[in-house]
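> Residue numbers (full-length UniProt numbering): 1 to 255. Beta carbons are placed, not taken as given, at the ideal position from N, Cα and C, and that holds for glycine. To start, I am sharing the structure in question, which I have written as C-alpha cells.
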Amino acid sequence: MHPLRKYPSSLPRPTIKELYRSLFPSQQPICHRATRKTPVTVAFYNTSTTTRRTRPQQLLSRKNSNNNSSQFLFSRSITTTSARHNAASPKPKSHDRGPPSEETTQTDFKALDVLGATPAPSTSIDACLWDGFHLNSGVKIVGGKGALLVAGEAFAWVPWKGKKGGFVNEKGQFEVDDEAWGVLALMWPKPDLLIIGVGKQMRPLSPKTKQYINSLGIRIEIQDTRNAAAQFNLLATERGVSSVAAALIPLGEGR
Numbered sequence: 001m002h003p004l005r006k007y008p009s010s011l012p013r014p015t016i017k018e019l020y021r022s023l024f025p026s027q028q029p030i031c032h033r034a035t036r037k038t039p040v041t042v043a044f045y046n047t048s049t050t051t052r053r054t055r056p057q058q059l060l061s062r063k064n065s066n067n068n069s070s071q072f073l074f075s076r077s078i079t080t081t082s083a084r085h086n087a088a089s090p091k092p093k094s095h096d097r098g099p100p101s102e103e104t105t106q107t108d109f110k111a112l113d114v115l116g117a118t119p120a121p122s123t124s125i126d127a128c129l130w131d132g133f134h135l136n137s138g139v140k141i142v143g144g145k146g147a148l149l150v151a152g153e154a155f156a157w158v159p160w161k162g163k164k165g166g167f168v169n170e171k172g173q174f175e176v177d178d179e180a181w182g183v184l185a186l187m188w189p190k191p192d193l194l195i196i197g198v199g200k201q202m203r204p205l206s207p208k209t210k211q212y213i214n215s216l217g218i219r220i221e222i223q224d225t226r227n228a229a230a231q232f233n234l235l236a237t238e239r240g241v242s243s244v245a246a247a248l249i250p251l252g253e254g255r
C-alpha cells in the first residue's frame with residue numbers, strides 16, 4: 001500500500017518543543033525562580049482564563065471548554081535546606097558558669113544528709129589494714145587478727161588458727177568451726193544481720209557455716225572485707241550496733 005503523502009527525506013524532524021508550540025500556540029510556560037526553603041511551582045496554563053489550578057502533587061489534566069480550547073497543568077514543589085544545620089555545633093570556649101547564685105530557693109544537699117549529725121559508733125571501722133583494723137574508738141587490732149564486732153564490743157577474732165587450710169575449704173568456700181560463733185550463740189538479744197568480710201577477695205559461704213548461723217536466727221551478708229566494713233559502718237550508724245554485727249578477716253589472710 002502506497003503512502004498517502006510523500007515527504008522529502010531532506011526535511012529535518014521537528015523537535016518536541018516545536019511540536020508543542022505548533023499544537024498549543026496559546027499556552028506559555030511560566031517559571032518562578034527557586035529561593036532557599038521556598039516551594040517552587042512550575043505550571044503551564046491557558047492565558048485566556050483567569051482561574052489558576054494548583055495541586056500539591058504532579059498533575060497533568062486536560063479540560064475541554066466550550067470553545068474547544070485545552071488547558072494543561074503541571075505542578076512541582078521543590079524545597080532546599082542549608083548544610084549548616086547538619087554541621088556539628090562548635091565546642092564551648094570556656095566551662096565557667098559564672099559567679100555562684102545568691103538565690104535562697106536553692107537546694108542545700110548537705111541538709112539532705114540525715115546521718116550527718118549522727119555520731120559514728122565506737123566500733124565503726126576507720127581503716128582496713130593488711131594485718132588488722134583500726135576502729136573509731138582508737139582501738140587497733142593488729143598481728144594478723146580479725147575483728148568480731150557485736151553489740152558495741154570489739155573482739156580479736158582468729159577462727160582459722162589450728163585449722164588445716166585456714167578458713168578456706170577444699171571447694172574454695174569460707175568455712176570455720178561452729179565454736180567460732182560462740183559469742184553469737186550466748187548473747188541475747190541476737191543481732192538481725194551478720195556481715196562477714198572474707199578478706200581481699202570474694203568467696204562463697206559454705207553451706208555448713210550458713211546453716212549454723214541461720215539456726216541462730218541471724219541473717220547473713222557476705223562480701224569482701226573492704227565492702228563489708230563500709231556496709232557495717234553505714235548500717236550500724238543507721239540502725240544501731242545492737243541490730244548489726246560484723247566478722248571481718250584481714251586483707252592479708254587467705255591469699
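Got a sec? Which residues, its chain only, sit under 8 Å from V183 by beta carbon, not counting five neighbours each side?
L148, V150, F155
> In the DSSP assignment, what residue or residues form a beta bridge with A247?
Its beta-bridge partners are L148, I196.
> Just how far apart, CA to CA, sit S206 and G143?
26 Å
> On a Cα-Cα basis, can you pick out the residue from R21, T237, Q211, K145 that is closest to N136?
T237
> Counting C-beta neighbours from all protein chains within 10 Å, is the total for F109 16 or more, i.e. buried, or is it exposed?
exposed
> With DSSP collapsed to three states, give me the class of R226.
helix
> For D178, which of helix, strand or coil comes out of DSSP?
Correct three-state label for D178: helix.
> Closest to D224 by C-alpha separation, out of K208, L112, C128, Y212, would be which residue?
When each option's Cα is compared against that of D224, the closest is C128.
> Could you tell me whether the region 214-230 touches the region 244-252, where touching means 3 or more Cβ pairs closer than 8 Å?
yes
> Tell whether a beta-carbon distance below 9 Å holds between F133 and P250.
yes
> With distances taken Cα to Cα, identify the nearest neighbour of Q201 among L234, F167, E103.
F167
> Suppose the cutoff is 8 Å on Cβ atoms and the five residues either side in sequence are ignored; what does the same chain contact list for P189 look like?
Around P189: S242.
> Excluding the 5 residues preceding and the 5 following T118 in the sequence, name in chain order all residues of the same chain whose CB lies nearer than 7 Å to its CB.
T237
> Which of the three DSSP states, helix, strand or coil, is assigned to I125?
strand
> With three or more C-beta pairs closer than 8 Å as the rule, is the region 191-199 touching the region 210-224?
yes
> Would T185 pass as a contact of W157 if the rule is Cβ separation under 9 Å?
The residue asked about is misnamed: residue 185 is Ala in this sequence, not Thr. Result no, Cβ atoms of A185 and W157 do not sit closer than 9 Å.
> Nearest by alpha-carbon distance to K145: which of G199, Q106, D131, A111 is it?
D131
> Are V176 and P204 closer than 9 Å when you measure CB to CB?
no
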